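Per the numbering used here, the very first residue in the sequence shown carries number 12; after that it's consecutive. Working notes, beginning with the structure itself.
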Amino acid sequence: MKHVIAVSLTAGALALATPAEAQDDSDLSEGLGLLGEGAQMILEGLMEEMRPMLEEARPYFEEEVLPFLNRMGELMDDVTSYELPERLPNGDIIIRRSPDAPPFDPEVGENGDVEL
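This is the structure:
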């Protein structure tokens, strides 16, 4: 895969390094079109190679990751209102609310409990 990227970058650099004065606008347009087609072919090939891996990982994301993200979305009002996660010495991970974030309006339960 590294070779594919290196070849495509080299081809793109060579296409852009050719003398512009020897080309008119139609030649340049055609060359850029061909370069775009080549890049599209490379990306399609990468997607075909990655498709089995993505299909294999899909159940994990549907069963584990999406429910976790949905729950986080229920607990956090706006992600930009929080600082980056921090790992404590005991292994706990905390996400602190930014000091400049707007006031948080938690949903209060029937007994006055606030779910954290």
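Don't be surprised by glycine CBs; every beta carbon is placed ideally from N, CA and C. Computed from a predicted structure; not experimentally measured.
CA-to-CA distance, residue j to residue i, given in whole angstroms
i: N81; j: L39; result: 49 Å
i: M87; j: P70; result: 25 Å
i: Q51; j: L45; result: 10 Å
i: P110; j: F79; result: 25 Å
i: M83; j: R107; result: 14 Å
i: E41; j: G49; result: 12 Å
i: D116; j: E60; result: 47 Å
i: L57; j: E66; result: 14 Å
i: I53; j: L43; result: 15 Å
i: E55; j: G47; result: 12 Å
i: M64; j: V76; result: 16 Å
i: E73; j: V90; result: 22 Å
i: P114; j: S37; result: 59 Å
i: V15; j: R62; result: Low local confidence applies: a pLDDT of 49 at V15 is under 50, so the model's placement there is unreliable, with the coordinate-based value given in what follows. Roughly 18 Å between the two C-alpha positions.
i: D103; j: E85; result: 21 Å
Those residues which DSSP pairs with residue i across a bridge
i: Y71; result: Partner(s): none; Y71 has no beta bridge.
i: I104; result: R98
Within 7 Å, strictly: CB atoms of residue i and residue j
i: E94; j: I105; result: no
i: S92; j: A112; result: yes
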